[in-house]
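K.L.:
Residue numbers (the numbering used here): 1 to 856.
All C-beta atoms, glycine included, are put in the ideal place defined by N, C-alpha and C.
Values in this document were obtained by computation on a predicted structure and should not be read as measured data.
Dumping the structure here so I can ask a few things about it.
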Ligand code: HT7
Ligand code: ZN
């Protein structure tokens, strides 16, 4: 297989400062004429090489004259050129309706749309498909007017008109040079929710969210989020929007969440459409975050783009960090941080500990689509967050200002970003750069020694990053650790919080005049993306869970207490649950705490996170330990859960989307889960009453989740009612599939296999495939059934999906790659399925790379 290496980067031989595209749109046969103004980049005699994939080439001309001295190498069009600048024209034919990969120009719900990142533009026309070739685009589209009344492209609309044959045309021009991965067009029967935004310099921007006519009432939240994001980027980063229009289009078939095409974002409809009846609070939050994320790319990604795909985290890590801060500013910052860290631990830590581990700036790839990972995105964001912590808000902002100034209109590298921060702040980031090249999650050990007599306390810190594939030796990295000590008796802090930079393998810090026994609060706010091991006792963790003034540290202490208990009990020990119950009881009873925080804090760690702490994952034992603890917590605190449930219910009258109302709904759903776990006889009736009375999807879905987990008489009726009520809403049906695939039940594997035959199940829609297969893959117990049926099911589905949509299929491989973490029986069964996948004739490059790397 062909491997692309970072060290082999060379600047482009030919530049294309201007391009004109002319699309004669038709789902079966679209003609694309491309006029490229090409310029030789320096003194060389190499031909022009244009990437292509899957299209039929109809003609080539140079400076207005048809030529035939071109060749096709693989799928690259190679054209000898003599001068330093030429006009190259090509015409190709493509078939959007046969495009099941959803890359390039494709059909979704009767409309036509594009997805070009990372290498989809080559499926539309011949072009140097690399992010460091920036061009000004002029786009003309003609299409049947009745079928495609709306024609959109990047930039600003410049002209439109009708043609005699029932067709019409439109022209758009984007004045900002951009790489071809940011190209987009949409042709469809769409209605619009319009808004406007006045920028900080007083320019009026016309906003439009384009969806099916019936969905327009579900777009207000996305539009409000867009305006909030535009204002936030001005205030926080001084970034102003630069075109007269900003359009968003929602489509049902999409490989990812959304795409930041210049001035024409294209979204998976699940990140646009929301109303209280069909979208949960989680969905609403996701919509605001993704709308903001794509908008923020206008500067971090579009105005300053990436030199090559190895620099992907330059735009993605930074933009995730920006969207995380935006969301934190919109609601509860503490809860947002907890959610982000939980996500990091669920997806990125296992990736960093497994066969697919890679640094945030990888060194090589076979298929770039496989590198849109939690490491590039979420660990990338943590790296930026550490820089912000170390530099402080002011110097960090000076650094980002310098970066945007220096690199506006260019294709930059991660190094350019770090150097800008370094230059603006005067901070030496030499060692910090290791974060870009080194994979793996650092482990920190922290041990606090106290000599009561002398009043001296010594904190001994050590770091170590375990080997990852291809990187056996690791260097110490820079770990900014926010630390505070509390007196065990007075509960008072010994001194204000300090940020310690752990840069060596080992480091000692001495504290003088510490009279009381100190309790260590460390990695507050999760200031460094590391795994922390401390020798803090259960009593000290309980103390921090009750007293720490950093909400994340407080949450973390309670989670650690639960985790220690669960790991011990899954390992076979008889464990007393009293300490956990008391800590949860205390948290629930504390009126000072925000209800949203309480709801997060009292949730048990996930089965897979418990498994990550064990030498060999035992899914059944983990499940039993967790269910037993849940039952005990439910029983011991039943009165408190009922009080919390009733209290939250009484306080929420009528649906409101606000941080407070969300917190109450969340606590209500957590409390309902614990009441059901207690085995209370009325749990089914209680959940069903909530299900029926709900005026919003958050309450309805949480009640359904509780019912589906149990065996009450209301379980099947609720599933049927839900299905019938929402059978015409694809996004809600996805929930119906997912709730069943994630259910903690003995029969989940069999149910999922049956659901794969359901008339509403299809592999051609990525959301539906992920709703069933993706959700099942993260159900640790069901997926890891000892007989290997879960592995076989996943492999069967992925082999079938690969024929349609390799990118989506390859993204679902990771659960099979965790074989080293399981017993030898399961490991052998998983490997056998990976080998079966690798042996499939005609397997895609995407799957071949992921499946074979997963075997290492
Ligand atoms: N930048 C976007 C990436 C993306 C993508 C990548 C591969 C295949 C399909 C895709 N659709 C969108 C999304 C983002 O990070 O904003
Ligand atoms: Zn992004």
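1. Could you tell me the alpha carbon to alpha carbon distance between residue 746 and residue 563, rounded to whole angstroms?
2. Over the uninterrupted alpha helix (DSSP H) stretch that includes residue 293, give me the two end residues.
3. Let's test the definition: count the other Cβ atoms within 10 Å of the Cβ of residue 846 and tell me whether it reaches 16, buried, or not, exposed.
4. Which one of 341, 704, 677 has the shortest CA to CA distance from residue 690?
5. I'd like to check one pair, residue 170 with residue 182: are the Cβ atoms closer than 8 Å?
6. Output yes or no for whether 8 Å exceeds the beta carbon distance between residue 521 and residue 489.
7. For residue 163, count neighbouring C-beta atoms within 10 Å of its own C-beta (all shown protein chains included) and say buried if the count is 16 or more, exposed if not.
8. Closer than 6 Å from C-beta to any heavy atom of the ligand ZN: which residues, in chain order?
9. Taking 8 Å as the cut-off, decide whether the C-beta atoms of residue 568 and residue 781 are in contact.
10. Which class does residue 513 belong to by DSSP, given the choice of helix, strand or coil?
11. Considering only the beta carbon of each residue, do residue 816 and residue 830 sit closer than 8 Å?
12. When you compare each of 214, 46, 651, 533 to residue 275 by their alpha carbons, which one comes out closest?
13. Under the three-state reduction of DSSP, which class applies to residue 59: helix, strand or coil?
14. Ends of the alpha helix (DSSP H) at residue 792?
15. Taking the alpha carbon of residue 477 as the point to measure from, which residue in 537, 436, 372 has its own alpha carbon closest?
16. Measure the Cβ-Cβ separation of residue 364 and residue 6 and say whether it is below 8 Å.
17. Output the distance between the C-alpha atoms of residue 729 and residue 195, rounded to the nearest integer angstrom.
18. Is residue 372 close to the ligand HT7? I mean its beta-carbon at under 7 Å from any heavy atom of the ligand.
19. Taking the straight line between their C-alpha atoms, what separation do you get for residue 818 and residue 791?
20. I'd like to check one pair, residue 336 with residue 346: are the Cβ atoms closer than 8 Å?
21. Tell me the rounded alpha-carbon separation between residue 499 and residue 354.
22. With distances taken between CB atoms, is the gap from residue 702 to residue 672 smaller than 8 Å?
23. Assign residue 387 to one of three DSSP states: helix, strand, or coil.
24. Identify whether residue 711 lies in helix, strand or coil by the three-state DSSP scheme.
25. Take residue 396 as the anchor and find which of 415, 413, 714, 423 has the nearest alpha-carbon.
26. Is residue 259 a contact residue of the ligand HT7, with contact defined as CB to any heavy atom under 7 Å?
27. Indicate the three-state DSSP secondary structure (helix, strand or coil) for residue 176 in the structure shown.
28. Measuring alpha carbon to alpha carbon, tell me which of 51, 234, 589 ends up nearest residue 645.
29. Would you list the residues sitting across from residue 206 in a DSSP beta bridge?
30. Please state the DSSP three-state secondary structure of residue 325.
31. Out of 177, 240, 251, state which residue places its alpha-carbon closest to the alpha-carbon of residue 210.
32. Does the beta-carbon of residue 118, which I'm using as the reference point, lie nearer than 7 Å to any heavy atom of the ligand HT7?
33. How many Å lie between residue 161 and residue 727 at the Cα?
34. Could you name the residues of the same chain whose beta carbon sits closer than 7 Å to that of residue 641, not counting the 5 residues immediately before and after it, in chain order?
35. Can you tell me whether residue 473 is buried or exposed, with buried defined as 16 or more other CB within 10 angstroms of its CB?
P.N.:
This is what the structure holds:
1. 24 Å
2. 281-296
3. buried
4. 704
5. no
6. no
7. exposed
8. 293, 297, 316, 319
9. no
10. coil
11. yes
12. 214
13. strand
14. 789-804
15. 436
16. yes
17. 26 Å
18. yes
19. 11 Å
20. no
21. 31 Å
22. yes
23. helix
24. coil
25. 423
26. yes
27. strand
28. 589
29. 196, 245
30. helix
31. 251
32. yes
33. 39 Å
34. 634, 671, 674, 675
35. exposed
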